[in-house]
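As numbered in my numbering, residues 21 to 216 make up the sequence shown, in order.
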Amino acid sequence: MVEHSAVRFWTGWDDIDEEDVYRNGINNEVIVRNGGSGQWWPFYSGKPNGGRMENCAALNVFSGGWNDIDCGKDLLGFCRMPVRLRFKLRGLPEDASLDTQYSIDTDNLVNGHFSLDGYTDSKILHSATTENQWRLEKLSGAGGMATTEAFGYPFGTTTWTLSTPVFNGDIPLSLNACGKDEFNCDNGICVSMDKR
Ligand SMILES: [Ca+2]
Ligand SMILES: [Ca+2]
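Okay, structure coming up:
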């Protein structure tokens with residue numbers, strides 16, 4: 021198994037300057053531990069727990085939660101990648117007119133989650149109102165949409181409910197960033213083909 025396969029990513033948030041005050045270096049948003057009721061708190065239970073030894077927040081895409089870890093760890097980061105990690109959506113019916121290639125949109129959070137931008141006019145985003153629901157939408161007019169349930173992010177193979185001109189119903193789709201020489205296990209982890 022390889023760490024680059026969309027399991028943990030740097031989020032771009034850190035508490036390097038001030039312990040337990042997490043800042044986003046891009047837009048200067050701030051999250052403070054015990055910042056009050058109603059505050060969005062993206063860390064999972066018991067985190068952050070590393071004090072001054074762990075100051076960079078990483079997202080675990082399976083749990084959907086953040087953990088503070090050592091900033092020197094060798095993870096990929098949404099904001100550090102020279103090339104945008106490309107996700108492929110496999111299993112769509114032919115002529116479904118929905119994008120099959122996506123990249124992470126790190127600028128906008130919906131319900132605390134990053135979205136994925138399709139290469140033309142589709143978008144995969146967390147529902148603004150329903151926890152664990154993800155939507156695949158076409159930004160331009162009619163043409164179809166899909167929804168799925170996922171705790172965390174909808175990586176790997178999940179059942180999507182499609183509503184398109186060519187197909188309506190439930191269908192398993194696979195969303196992952198595996199390379200062409202890697203095999204996607206159902207949980208979204210990539211393994212090389214010879215270890216399959
Ligand atoms: Ca810290
Ligand atoms: Ca930690």
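Cβ atoms here follow ideal geometry from the backbone N, Cα and C, with glycine treated the same way. From a predicted model like this one, the values you see are computed outputs, not experimental measurements.
Residue i, DSSP secondary structure in three states
i: residue 71; result: helix
i: residue 53; result: coil
i: residue 63; result: strand
i: residue 192; result: strand
i: residue 128; result: strand
i: residue 197; result: coil
i: residue 117; result: coil
i: residue 150; result: coil
i: residue 34; result: strand
i: residue 170; result: coil
i: residue 182; result: strand
Close beta carbons around residue i, own chain, < 6 Å, minus the five adjacent residues each side
i: residue 43; result: 50
i: residue 36; result: 75
i: residue 53; result: 40
i: residue 157; result: 143 and 165
C-beta atoms of residue i and residue j nearer than 8 Å
i: residue 76; j: residue 34; result: yes
i: residue 147; j: residue 131; result: yes
i: residue 87; j: residue 67; result: yes
i: residue 217; j: residue 181; result: Residue 217 cannot be examined here, being either before or after the span of the chain that is shown, 21 to 216.
i: residue 187; j: residue 116; result: yes
For residue i, the first and last residue of its enclosing beta strand (DSSP E)
i: residue 136; result: 133-138
i: residue 76; result: 76-80
Own chain residues within Cβ distance below 8 Å of residue i, not counting five before or after
i: residue 106; result: 121, 122, 123 and 197
Nearest-angstrom Cβ-Cβ length linking residue i and residue j, presumed shorter than 8 Å
i: residue 46; j: residue 32; result: 6 Å
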